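Presented below is the structure to which this report refers.
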Amino acid sequence: MSDNKAFYVTTPLYYANDELHIGHAFSTLAADIVSRYHRSMGHQVHFLTGSDEHGQKVEQAARSKGLSPLEHTDCLVKKFKSLWELLDITYDDFIRTTEDRHKKVVTELLQKLYQKGDIYAANYNGWYCTPCERFWTEKEVPEKTCPDCKRAVQEIEEKNYFFKMSAYQQALIDYINHHPGFIRPENRRNEVLGFLRQPLGDLCISRPKSRLSWGIELPFDTEYVTYVWFDALTNYISAVGYPFDMEKFKKLWPANFHIIGKDILTTHAVYWTTMLMAADLPLPEAIFAHGWWVTGEGKMSKSVGNIINPRELVAKFGLDPFRFYLFREMVFGMDASYTEENFINRYNADLANDYGNLCQRTLPMIVKNREGLFHKKEATLPQSMEIAKMAGEIKADYIKAMNDMLFHEALKRTWDLIQRLNKYIDETAPWKLAKEQNYEILDEVFYTIGEGIRFVTHLVEPFMPHLAPEFLKQIGDSNGFVKIPDLQWGQLKDRTRVTSEPVPLFPRLETERIQNLKKGTKPAEKDEKKTEKQAEKAAPISEDGLVSFDEFLKTELCIATIETAEKVENADKLLKLTVSLGEEKRTLVAGIAAFYNPDQLPGRQVVMVKNLKPAKIRGIVSHGMILAAATPDGGLALVTPDKPAKTGIRVK
Ligand code: MSP
């Protein structure tokens with residue numbers, strides 16, 4: 013990289029309409045790890061993240077909470093930033109699309125492309141999906157449902173403004189063909205090239221204010237606001253000075269990496285790049301689309317209820333193991349599936365056994381036999397020489413993998429060295445050398461292990477920035493981290509003194525927990541709520557996951573008729589229902605407010621768990637639970653009898 017150009021990396025701007033889950037955390041952590049790595053290479057780094065705050069979804073989310081859009085996004089941005097703080101994200105700038113510095117640039121860019129003739133007005137007839145805020149052509153919606161979210165689309169005809177994206181189709185194809193590393197990984201590049209085999213239409217970049225007011229006004233027609241993607245994508249240049257601070261802009265642009273998930277590949281690889289071409293700006297060096305984190309049931313979604321909350325994982329396992337796990341487990345570019353069992357297995361194998369044990373096995377022996385001192389020795393054993401050579405090779409592979417953002421590969425190679433060092437301990441048996449008082453060789457063995465720990469800890473540091481310094485402390489290396497290009501084998505100083513009582517940095521997670529997970533029961537967490545434990549006892553699940561008929565009958569299901577429904581104050585997800593069971597009336601709180609309006613519910617019959625212990629939710633005693641299932645379009649369907657049934661009757 014030239015002296016003047018900083019390494020510039022971006023994350024997507026996350027929609028300020030909901031809270032973030034591990035999928036979002038993953039993209040941001042990827043940018044953090046790559047930033048830390050480049051800093052450790054001695055490069056200047058600029059790391060940008062932020063929030064996407066305009067558009068219908070944000071407006072609707074705000075309205076449902078009785079807030080103005082900006083009040084709503086202010087609140088979410090605070091939450092985003094506090095999550096980034098918890099995950100120790102070292103971003104340099106956080107851009108909000110509602111900031112003046114951003115809006116000014118969007119306006120400028122629109123005006124520029126309008127004057128150039130690349131934006132024009134036309135009557136548009138298309139099928140519009142309100143939740144996705146996008147138009148589809150007649151052909152694309154044979155079922156009149158949105159190909160993305162599967163909800164109904166509406167036919168709309170109106171005047172709109174269009175960006176002449178089609179004019180840049182060939183130029184984009186040529187560019188991708190001449191720049192093999194531009195869209196990564198390879199399969200995503202092929203996907204984009206496949207998409208570009210069809211004629212590219214022009215992009216509708218406006219929304220009439222009558223339909224959407226929460227956006228940036230078009231400078232050439234005040235009746236319209238900008239389409240949210242045109243607005244949001246511009247952040248990558250508005251945050252770095254374009255066009256008002258060109259000195260800063262030249263230092264940072266083109267971005268080295270736009271890190272995105274595969275869901276937003278077309279918008280980045282096609283919309284954004286053609287927008288840049290129209291503006292006569294260079295394209296980013298690379299767009300990297302990683303895969304999705306999924307759970308057993310598929311893509312994470314709030315309505316399916318399979319969202320994994322990064323805060324919970326950090327609280328349970330610690331920040332560094334969480335960071336490590338995500339990047340060791342996911343082959344960057346492919347999808348990965350999260351399960352707690354898998355997390356624990358990887359933690360125990362890679363962190364507790366392999367890395368942590370290197371210190372735990374060795375340092376007490378050094379304290380016992382060599383007064384805690386490393387003595388620097390020339391390598392004489394063939395294995396010591398082999399390890400020194402291997403370290404250099406692994407460093408080279410690590411740099412190559414990290415430059416290409418192949419994190420799993422970089423970690424895998426680092427672990428090759430860790431595993432070799434563990435094998436070296438078995439081969440050289442330092443406990444025997446100590447017994448034989450063969451201090452010459454014993455010192456050589458200890459030094460190789462200590463130097464090995466120091467070496468791998470340097471490579472691990474961008475992933476585990478909190479525990480890596482602890483490893484250096486344990487081996488007594490007070491020199492701190494050297495830049496990766498300066499990292500050489502043999503830099504651990506003679507007579508470095510190890511910590512006398514090393515505490516395990518990755519204490520093993522107990523096997524009892526794993527056993528429980530394997531059996532399909534919940535892990536016995538110390539801090540688990542009593543009621544959950546009781547529920548487990550009451551409904552034991554056998555090895556094969558089946559329950560007996562008697563056990564099933566313990567759950568009393570019945571038909572309830574909803575009489576009233578109202579929102580629960582200060583809880584946007586909850587509705588308070590009163591239901592009739594015939595002779596009895598019950599009050600219960602259900603998490604269905606995002607899917608049902610209170611006035612849709614009275615009179616409906618639902619299936620309810622009758623013999624559930626009452627629980628106090630938001631001050632309301634909720635007695636019973638109604639059943640519902642997720643729908644493929646991300647919605648929720650109440651379980652109801654398919655013809656009127658007697659209120660209160662047992663469901664069997
Ligand atoms: N606002 C747009 C992006 C505009 S960029 C100029 C948007 N926002 S989003 O909040 O929906 O975030 C999408 C991004 O979050 C994905 O591209 C990906 O980076 C990350 N993830 C969201 N869910 C994910 C998974 N389940 N797994 C991995 N990452 C995913 O789209």
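Take 13 as the starting number for the sequence shown in this note's numbering and just add one per residue.
In this text, a Cβ means the ideal position worked out from N, Cα and C, and glycines have one as well.
Because the structure is a prediction, the values reported are computed rather than measured.
Per DSSP, reduced to three states, the secondary structure at TRP148 is strand. Taking the Cα positions, THR234 is about 37 Å away from ALA43. Looking at GLN68, THR599, LEU41, the one whose alpha-carbon comes closest to that of PHE59 is LEU41.
Of the other Cβ atoms in all chains shown, 16 or more fall within 10 Å of the Cβ of GLY35; this residue is therefore buried.
By the 16-neighbour rule on beta-carbons within 10 angstroms, ASN189 is exposed. If you ignore the 5 residues before and after TRP427, its C-beta comes within less than 6 Å of no other C-beta in its own chain. Between the alpha carbons of GLU383 and ARG425 lies a distance of about 33 Å. For PRO220, the pairing in a beta bridge is given by DSSP as TYR236.
Shortest Cα-Cα distance from SER512 to any of LEU184, PHE386, ILE437 involves PHE386.
DSSP places ILE249 in the helix class (H, G or I) of the three-state scheme. As computed with DSSP, PHE106 is found in a beta bridge with THR61. Distances taken from the Cβ of MET312 to the heavy atoms of the ligand MSP include one shorter than 7 Å. Taking the Cα positions, HIS114 is about 48 Å away from VAL633. Straight across, the Cα-Cα distance linking THR652 with ASN199 is about 44 Å.
The Cβ-Cβ distance between LEU121 and THR246 falls below 8 Å. In this structure, PHE38 has its CB closer than 7 Å to one or more heavy atoms of the ligand MSP.
Each residue's CA atom was taken as its position, placing LEU82 and GLY330 some 34 Å apart. Sequence-distant partners of THR142 (beyond 5 residues in either direction) whose C-beta falls short of 6 Å from its own C-beta are missing from its chain. Here the C-alpha atom of LEU433 lies approximately 33 Å from the C-alpha atom of VAL57. Positions of the alpha helix (DSSP H) runs, each at least 4 residues long and wholly inside the stretch 461-499, are given as 479-486 in order along the chain. Shortest gap from the CB of LEU613 to any heavy atom of the ligand MSP: 7 Å or more. Of GLN127, ALA408, ASN29, ILE461, the smallest CA-CA separation from LEU79 is found for ASN29. Per the Cβ contact rule, the stretch 436-449 is not in contact with the stretch 20-27 (fewer than 3 Cβ pairs under 8 Å). At least one heavy atom of the ligand MSP is found less than 7 Å from the C-beta of ASP64.
ALA291 has its alpha-carbon roughly 50 Å from the corresponding atom of ALA640. Just so you know, the alpha carbons of PRO266 and GLY368 end up roughly 40 Å apart. Close CB contacts of ASN360 within its chain, under the 7 Å cut and outside five residues either way in sequence, are with ARG520, LEU521 (chain order). With a cutoff of 8 Å on beta-carbon distance, ARG335 and MET476 are scored as near each other. Here GLU581 is not near PRO610, since their CB atoms are 8 Å or more apart. In this structure, PHE175 sits near ILE131, with a CB-CB distance shorter than 8 Å. Residue pairing by DSSP puts VAL633 in a beta bridge opposite LYS628. Residues TYR49, ALA422 of the same chain have their beta carbon placed closer than 6 Å to that of MET414, with the five preceding and five following residues left out of the count.
Counting only runs of at least 4 residues, the stretch 254-307 fully encloses the following alpha helix (DSSP H) elements, listed from N- to C-terminal order: 258-264, 285-290. Using a Cβ distance threshold of 8 Å, GLY193 and ALA298 count as a contacting pair. Taking the C-beta atoms as reference points, HIS270 is found no nearer than 8 Å to MET342. According to the DSSP secondary-structure assignment, TYR20 is paired through a beta bridge with HIS58.
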